[in-house]
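Just so it is clear: in the sequence shown, position 17 is 28 by the numbering used here, and no numbers are missing.
Idealized CB from N, CA, C, for every residue including glycine.
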Amino acid sequence: MDITFIGLGRMGLAMAENLLKAGHRVTVYNRSPKKAETLAAQGAVVAPTPAAAVDHAEIVVTMLADDKALDGICFGPEGIITRLPKGTLHVSCSTISVTMADRLSAAHADAGHDFVSAPVFGRPEAAAAGNLFIVAAGARAALEKAQTVFSAIGQKSFIVSEEPRAANLVKLSGNFLIASVIESLGEAMALVEKGGIDKKAYLEILTSTLFNAPVYKTYGGLIADQKFDPAGFAAPLGQKDVRLTLEAGELLGVPLPIASLLRDRFLRLIAQGGENLDWSAIGALPAKDAGLK
């Protein structure tokens, strides 16, 4: 199948590689052309502009940082919506606002295209292994077509609604929960460390008993080892996702007091020079607050 992939960050690059490995004809576009060189060596076609990338696409997959980046790709001077062939499917794997998902749904419908929101759960190592979890929403026929992509990039997909925005709401709520775990782990580990208990031994107790889950193992390990660089998921992206969660809460009339706290934690981390660190670095703030090194 002819698939165009736009957005070659750490996640997108791995996802596009898996589409190539699955035997698809892949055209790629990235704002920084150097990131496409690896894929060109594997057989991908590198397009000079977003519009040129989608001319013959059956499916277009976007994996971009935020609403602004996706807006530029879809609606900018080289925007893809006016260039997509009729009936082309756009699969957005980006973590975006529910408002942006609604805008994309309407624009694609007006132009005669199909649109599916399919954000993913998983860090870059999961993307490289094709082990992402996909949360998808859209029309049934569009979702069936999108399975070609899902089977190449993920281990399991969850269909949540015919309304694309629903998938983005699920993803935002999930990232909010992950950020909550990171903050609470950081606070608990600072507490026991100041009480003289080895934090790595403490983490072993947690993950061997009531908290035997990947999110505790992965992020607890990063906090215990202070391993925040290089970033698998950068702190500004975490702050963005919490902000979008709060926006969704405001739209739906749902107070989210913990999300408000998390927003401030991310702002503190970024303001103190942590913009290039992994988002799990907010888990180190409680130790600093406690006067620990």
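Neighbourhood of residue i by C-beta distance below 6 Å, restricted to the same chain and skipping five residues each side
i: A64; result: T15, T38, Y40, A58
i: P297; result: G197, E198, A201
i: A118; result: I92
i: V109; result: R176, N179, L180, A259
i: A112; result: S128, P175, R176, N179
Proximal residues to residue i (C-beta, below 7 Å), its chain only, five neighbours per side dropped
i: V203; result: K210, Y213
i: P135; result: R21, M22, A25, G243
i: E89; result: T60, P61, A62
i: L154; result: V127, A147, I170
i: L267; result: T256, L257, G260
i: K228; result: T218
Rounded C-alpha distance that separates residue i from residue j
i: R151; j: A137; result: 27 Å
i: R36; j: R42; result: 20 Å
i: A178; j: D13; result: 25 Å
i: L221; j: R276; result: 26 Å
i: A52; j: A27; result: 13 Å
i: I342; j: K32; result: Summary: the structure shown does not reach residue 342, with the chain confined to residues 12 through 304, and so no result is reported for it.
i: V192; j: G185; result: 11 Å
i: G149; j: L303; result: 48 Å
i: A246; j: A190; result: 10 Å
i: D236; j: G165; result: 28 Å
i: V253; j: L183; result: 7 Å
i: R114; j: Y230; result: 34 Å
i: T49; j: A139; result: 14 Å
i: Q283; j: V131; result: 29 Å
i: G285; j: K299; result: 14 Å
i: V56; j: P44; result: 12 Å
i: A122; j: F187; result: 33 Å
i: H124; j: G54; result: 27 Å
Cutoff 8 Å; reference residue i; Cβ partners in own chain excluding five residues on either side
i: A80; result: G18, S105
i: A242; result: N287, L288, D289, W290
i: L30; result: I14, F16, V37, V72, V160, A163, I164
i: S271; result: L257
i: I281; result: A246, P247, Q250
i: N142; result: G133, G165, Q166
i: D82; result: M111
Buried/exposed call for residue i, threshold 16 Cβ in 10 Å
i: V265; result: exposed
i: H67; result: exposed
i: T99; result: buried
i: K167; result: exposed
i: T93; result: exposed
i: T60; result: exposed
i: K156; result: buried
i: L262; result: exposed
i: A120; result: exposed
i: S116; result: buried
i: I84; result: buried
i: I224; result: The amino acid occupying residue 224 in the given sequence is Ala; Ile does not appear at that position. Result: exposed.
i: S219; result: exposed
i: D78; result: buried
Supposed close pair residue i, residue j - CB separation, criterion 8 Å
i: P175; j: F126; result: 6 Å
i: Q250; j: L217; result: That pair is no contact at about 26 Å.
i: A129; j: I145; result: 5 Å
i: E194; j: L273; result: 6 Å
i: I234; j: A301; result: Going by Cβ atoms, the distance from I234 to A301 rounds to 13 Å, so no, they are not a contact pair.
Test: residue i CB closer than 8 Å to a CB of chain D
i: H124; result: Of the protein chains in the structure, only one exists, and it is not chain D.
Could I get the ranges of all uninterrupted alpha helix (DSSP H) runs contained in the stretch 227 to 264, with 4 residues as the minimum, in chain order? 246 to 263
Which ranges does the alpha helix (DSSP H) cover as unbroken runs of at least 4 residues, wholly within the stretch 62 to 138, from first to last along the chain? 78 to 86, 109 to 122
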